[in-house]
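Taken in order, the sequence shown gives residues 10 to 79; the numbers are from my numbering. We treat Cβ as the ideally placed atom computed from N, Cα and C, and that holds for glycine. Below is one structure, written out as structure tokens; comments come after it.
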Amino acid sequence: MKSAGEKILQEHNLIRRANAHPGSKVKAIAAMCYQCYGGTEEELPNAGWRELIRTCTSPACALYRHRPYR
């Protein structure tokens, strides 16, 4: 039986979602932003990571215009 932490990790881990749907460009971009803020396949990044992506201040990033949670 999975613990609550494992269930959340599976549902909210954008890297795992992207790996499960390799043809999805949207999921790949979201996973890259997630990874930029410290997310890994095994761990969630610090609390508030969605807000960090939303308020990203790296316009030099090639994915800046395509980031999720805007």
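If you look at Arg-59, you'll find it in the alpha helix (DSSP H) that goes 58-63.
Between the stretch 29-38 and the stretch 52-65, the count of Cβ pairs shorter than 8 Å is below three; the stretches do not touch. Ala-71 counts as exposed, since fewer than 16 other beta carbons sit within 10 angstroms of its beta carbon.
Counting every other CB atom within 10 Å of its CB across the protein chains shown gives Asn-28 a total below 16, marking it as exposed. Note that the C-beta distance between Ile-62 and Arg-76 is below 8 Å. Within the model, the alpha-carbon separation for Gly-48 versus Asn-22 is close to 8 Å.
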